[in-house]
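Undergrad: Here it is, the structure in full.
What follows is the structure in structure tokens.
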């Protein structure tokens, strides 16, 4: 692998795959390096929720555009990844949650999310499967979900068709700057590129360190669970005001229960174990919201890693002090918004004006110490 | 598969199977009791809808998972009890 | 939620290995809890009679009764009818969460013994999902524990010692056995005869089973396998044909047997769910039933305080399981001399257990001959052709195949298909079973009803963590 690519992307999750896909379609030669298989970490094991009601306010304009991308995935990705667009409800069961919901829905609405606050009866019309005790609900018509585990298969086909040089099962072990670009070290040899995108999810932190840049990335260990197939018991995406529940039933009958309850794990070992009490807490919320879930059985639970910056906003943009190097990741609710943010970065790399501002990481770096000398 | 018992069945209790009254021996494994009453077919597979019956009789394969009193139960691990509402039709 | 109940040792599985280990350690003064999903101890081989069946009064029943009595007399806490759904490592050892008849229970102990036994392997063939097709092990449950003959006229097929056990049991119970169909050529049994004869009592039992079947005039077809089952909502006919020495179909005439049931099994695979869930080190050993936890001379896995014994640590059969339970029970009680003595007896029983394991090991050629349209994953109706297509689409590891096909995502959690699918993938990729890997262990260890796992609660008691930033 001595031929220099126009672009080398390190990390084959949803961000890296989308940047690679768009850059290749924009005419660049692209290599994508992934230590495992595509989208087998956060991008493949997340809950697949496409929602405005769990998205950070600053990301709403991006999430709305990303939602439209997902709904239209067949046209740009070539596969729909099981996307279903449906109503979403964020529920409040207590007075405190009511206050939280009113405030947060209001802020998201100001940012452009089409969220209405509705009462219990109206909420039950939207979702007949709801249990008792709902005091208030945020109703968003732009919600939905995808079948996250199909993401890797879809990108594998799209990237292959776009002519991207896919290097799966090939871990990057270091990155050197050299004349005319970058040299990414792997056990199977060096991969050279004129430009570089670091899109390694929670592993962005050690990858940035290779370039001498200190970008702290917190690792969240999100617990998730899925039921076996069951008769239809719900038809919306359900959350609660605090954001600690995400719930949707797929057309084939399984229901995925998430919400960011924390399991045991770290960057080195991945998700190691699920805390039974927290699993029970998460499942209690789910059954409280949709009581018919009680008749089904829990089939499987797992943990996925989520990357978070110090201000919980994305790290998407140029790497300060290192020309032609970019970072892309750490997007809160990244499955929803990821493809759009990655496309914006691809636009920047292709020297097109991004339609919305990126999230440059200058704000996250220490005044001078963390920056590489250029 | 017409199964038969090698012994006198334990006292029977009233249950319902798809709403119809039936009498099954109390304490017997529900999967075995249904088999002996001629219910070889317990459910259909959820994806292709092919007929299925109890297969491993020891709790591993999940083929005998049916709705009992509104909750999915493995019939082979569920002893027959009076008043059970057993659903074969409509169980996925 | 209440605090977990503290013990010195938690034993998962109350078969010959687990119950012996629990009783031995408890008798020696340790605080032991033993958990099993079945309502009575005894495991698969010594399963207690139930549902009004008095039992057959045979040697297995006597052994099981003796073990059950021993366990009752010991101080071990028995959690029977309890389904273990979560096992996690804690700072001080292991925490086990169960669902029992009275709801959720949590236990904790510094030592955890995994004695979860084996699952039966059934290599797929057309029609194997039809009602009326059951496992060989299933038939032993019905005959020995439930007192039920599972059909009017039955074909018994597959391989290993259970073939003869089930066929003889059916004949003795007065059932009509249409045929006994053994994949192994007669020579396979002969080759293992010296090892088998090293255990005169067991060899004599095997001989008596075979004689009972022969005396009843049942057709015995060696070197044959099931080609397909015909019928609709129930079995009507079983079609068999010759197989080669590796178990793959060979040229030769098919034979059709009218039957209302097929009893079939192709050996055993280890039930390694708990050690996989805890990320202990495993290795692939075809003779011992597939992926097995790596253990040291004192049955400890790669994780401190986690032990594996019995068939769950590699298929070796009941005699070895009981001995390993005894050896570990003494070991955990700090009684080195007794533990050493039990290990010595295990060494003496090894040739016989190896011979039996050889008859029950997976035959790769048989798996590789599965037809494209045949369903491999019963839960999700995933066919051989779909598995091959996923490999063609770029899946190289077993967890990835799951994402591509949903194979193994159903409620059996891959128990019925894992061994077969991994072999098919390795064959398609031209690689090893090690390279394909095994499915990552995930909780719950068995499916549990949501309505039960949540217990009774009020919404205000749910410990909702701090919300994410706005």
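Residue numbers (the working numbering), protein chains in the order written: chain A, 278 to 651; chain B, 76 to 167; chain C, 357 to 826. For each residue, glycine too, the CB sits at the ideal point set by N, CA and C. Bear in mind the structure is a predicted one, so any value in this text is a computation, not a measurement.
Quick one: list the residues of chain B neighbouring residue 573 of chain A, beta-carbon separation under 8 Å, in chain order.
TA: Taking the first residue of the first chain as 1, we reach residue 573 of chain A at position 296. What residue 573 of chain A touches in chain B: 147.
Undergrad: Rounded to whole angstroms, what is the Cα-Cα separation between residue 481 of chain C and residue 147 of chain B?
TA: For the purposes of this step, residue 481 of chain C is taken as the residue at position 125 of the third chain. For the purposes of this step, residue 147 of chain B is taken as the residue at position 72 of the second chain. Taking the straight line joining both Cα atoms gives about 28 Å.
Undergrad: Is the stretch 730-737 of chain C touching the stretch 769-779 of chain C in the sense that three or more CB pairs, one from each, lie closer than 8 Å?
TA: Yes, they touch.
Undergrad: What in chain C is Cβ-close to residue 672 of chain A, meaning under 8 Å?
TA: With chain A running from 278 to 651 in the structure shown, residue 672 of chain A is simply not present.
Undergrad: Within 8 Å, do at least three Cβ pairs link the stretch 508-519 of chain A to the stretch 471-486 of chain A?
TA: With the cut-off at 8 Å, the stretch 471-486 of chain A and the stretch 508-519 of chain A do not touch.
Undergrad: What is the residue span of the alpha helix (DSSP H) that residue 398 of chain A lies within?
TA: In the first chain, the residue the question calls residue 398 of chain A occupies position 121. 397-403 is the extent of the alpha helix (DSSP H) around residue 398 of chain A.
Undergrad: If contact means a Cβ-Cβ distance below 9 Å, which residues of the stretch 501-515 of chain A contact chain B?
TA: Residues passing the 9 Å Cβ filter: 505, 506, 507 and 508.
Undergrad: At which residues does the alpha helix (DSSP H) containing residue 616 of chain A begin and terminate?
TA: Looking up residue 616 of chain A in the first chain gives position 339. Where residue 616 of chain A is concerned, the enclosing alpha helix (DSSP H) stretches over 611-626.
Undergrad: Taking residue 438 of chain C as the query, report the chain B residues whose CB atoms sit under 9 Å from its CB, ordered along the chain.
TA: Counting from one through the third chain, the residue named residue 438 of chain C turns up at place 82. Per Cβ cutoff of 9 Å: no residues; residue 438 of chain C is ~11 Å from chain B at best.
Undergrad: Would you please state the rounded distance, in angstroms, between the beta carbons of residue 638 of chain A and residue 608 of chain A? I believe it to be under 8 Å.
TA: Indexing the first chain from 1 puts residue 638 of chain A at position 361. Indexing the first chain from 1 puts residue 608 of chain A at position 331. With 8 Å as the limit, residue 638 of chain A and residue 608 of chain A do not qualify as a contact, their Cβ atoms being about 13 Å apart.
Undergrad: Rounded C-beta distance between residue 100 of chain B and residue 85 of chain B? I'm assuming under 8 Å.
TA: Walking along the second chain from the start, residue 100 of chain B turns up at place 25. Walking along the second chain from the start, residue 85 of chain B turns up at place 10. With 8 Å as the limit, residue 100 of chain B and residue 85 of chain B qualify as a contact, their Cβ atoms being about 4 Å apart.
Undergrad: For chain A, is any of its Cβ atoms less than 7 Å away from the one on residue 541 of chain C?
TA: What you label residue 541 of chain C is simply residue 185 of the third chain in a count that begins at 1. No - not a single Cβ of chain A is within 7 Å of the one on residue 541 of chain C.
Undergrad: Mind checking the stretch 109-128 of chain B against chain A and listing, in chain order, the residues whose C-beta falls within less than 8 Å of any C-beta there?
TA: Listed in sequence order: 121 and 122.
Undergrad: With distances taken Cα to Cα, identify the nearest neighbour of residue 528 of chain A among A/507, A/341, A/520 and A/537.
TA: Within the first chain, numbered from 1, the residue matching residue 528 of chain A stands at position 251. Cα-wise, what sits closest to residue 528 of chain A is A/507.
Undergrad: Taking only three categories from DSSP, how would you classify residue 658 of chain C?
TA: Walking along the third chain from the start, residue 658 of chain C turns up at place 302. Looking at residue 658 of chain C - three-state DSSP - the assignment turns out to be coil, as it is neither helix nor strand.
Undergrad: Buried or exposed, going by whether 16 or more other CB atoms sit within 10 Å of the CB of residue 453 of chain A?
TA: Against the first chain, residue 453 of chain A aligns to sequence position 176. It is exposed - the Cβ of residue 453 of chain A has fewer than 16 other Cβ atoms within 10 Å.
Undergrad: Between the stretch 403-418 of chain C and chain B, which residues of the former have a C-beta closer than 8 Å to a C-beta of the latter?
TA: Within the stretch 403-418 of chain C, the qualifying residues are 406, 407, 408, 409 and 410.
Undergrad: Go ahead and pull the three-state DSSP assignment for residue 642 of chain C.
TA: The residue labelled residue 642 of chain C in the question sits at position 286 within the third chain. Helix, per DSSP.
Undergrad: Answer yes or no: does any C-beta atom of chain C fall closer than 7 Å to that of residue 87 of chain B?
TA: Looking up residue 87 of chain B in the second chain gives position 12. Not an interface residue.
Undergrad: So, for residue 103 of chain B: in the same chain, excluding its five sequence neighbours on each side, which residues have a beta-carbon less than 6 Å away from its beta-carbon?
TA: For this step, residue 103 of chain B is matched to residue 28 along the second chain. So the list reads 155, once near-sequence residues are dropped.
Undergrad: What's the call for residue 542 of chain C, buried or exposed, on a 16-neighbour Cβ count within 10 Å?
TA: As a working note, residue 542 of chain C is residue 186 in the third chain. Exposed, because fewer than 16 other Cβ atoms sit within 10 Å of the Cβ of residue 542 of chain C.
Undergrad: Taking only beta-carbon positions, decide if residue 638 of chain C is within less than 7 Å of chain A.
TA: Reading the third chain from its first residue, position 282 is the one you call residue 638 of chain C. No, residue 638 of chain C lies away from the interface with chain A (no Cβ there is under 7 Å from its Cβ).
Undergrad: I want to verify the contact list: residues of chain C whose CB lies under 7 Å from the CB of residue 370 of chain A, in sequence order.
TA: In the first chain, residue 370 of chain A corresponds to position 93, counting from 1. Here the neighbours are 815.
Undergrad: If we cut at 7 Å on Cβ distances, does residue 519 of chain A have a partner in chain F?
TA: This model lacks chain F altogether, as its protein chains are A, B and C.
Undergrad: Using the C-alpha atoms, what's the distance from residue 515 of chain C back to residue 475 of chain C?
TA: Locating residue 475 of chain C in the third chain gives position 119, where the first residue counts as 1. Locating residue 515 of chain C in the third chain gives position 159, where the first residue counts as 1. Spanning the two alpha carbons is a distance of roughly 15 Å.
Undergrad: Are the CB atoms of residue 127 of chain B and residue 112 of chain B nearer to each other than 7 Å?
TA: Taking the first residue of the second chain as position 1, residue 127 of chain B is located at position 52. Taking the first residue of the second chain as position 1, residue 112 of chain B is located at position 37. Contact: no.
Undergrad: From the DSSP output, which residues share a beta bridge with residue 450 of chain C?
TA: Looking up residue 450 of chain C in the third chain gives position 94. In the DSSP output, where bridge partners are listed per residue, residue 450 of chain C has C/445 and C/465.
Undergrad: Does residue 453 of chain C get closer than 7 Å to chain A when you measure Cβ to Cβ?
TA: The residue given as residue 453 of chain C occupies position 97 in the third chain. Chain A contact via Cβ: present.
Undergrad: In chain order, what are the residue ranges of uninterrupted alpha helix (DSSP H) at least 4 long that sit wholly in the stretch 495-535 of chain C?
TA: Listed in chain order, they are 517-528.
Undergrad: Of the residues A/320, A/354, A/410 and A/593, which one's Cα is nearest the Cα of residue 816 of chain C?
TA: Along the third chain, read from residue 1 onward, the residue named residue 816 of chain C stands at position 460. Nearest option by C-alpha distance: A/410.
Undergrad: Return the chain-ordered list of same chain residues with a C-beta closer than 8 Å to the C-beta of residue 597 of chain C, the five sequence neighbours on each side being excluded.
TA: Translated into the one-based positions of the third chain, residue 597 of chain C becomes position 241. Once the five neighbours on either side are set aside, the close Cβ partners of residue 597 of chain C are 580, 581, 583, 605, 606, 608, 609, 610 and 611.
Undergrad: Name, in chain order, the residues that DSSP records as bridge partners for residue 499 of chain A.
TA: Locating residue 499 of chain A in the first chain gives position 222, counting from the first residue. DSSP lists A/539 and A/581 as partners of residue 499 of chain A.
Undergrad: Out of A/391, A/555, A/376 and A/435, state which residue places its alpha-carbon closest to the alpha-carbon of residue 498 of chain A.
TA: Mapped onto the first chain, residue 498 of chain A falls at position 221. Closest option to residue 498 of chain A, Cα to Cα, is A/555.
Undergrad: On the DSSP letters alone, give me the boundaries of the alpha helix (DSSP H) that residue 372 of chain C sits inside.
TA: Counting from 1 along the third chain, the entry for residue 372 of chain C is found at position 16. First-last of the alpha helix (DSSP H) with residue 372 of chain C: 372-383.
Undergrad: Which chain A residues are close to residue 363 of chain C, counting only those with a beta carbon under 8 Å from its beta carbon?
TA: Here residue 363 of chain C is taken as the residue at index 7 of the third chain, counted from 1. Neighbours of residue 363 of chain C on chain A: none; closest Cβ ~17 Å, over 8 Å.
Undergrad: Residue 800 of chain C CB to nearest chain A CB: under 7 Å?
TA: For the purposes of this step, residue 800 of chain C is identified with residue 444 of the third chain, where counting begins at 1. It does: the Cβ of residue 800 of chain C has a partner Cβ on chain A nearer than 7 Å.
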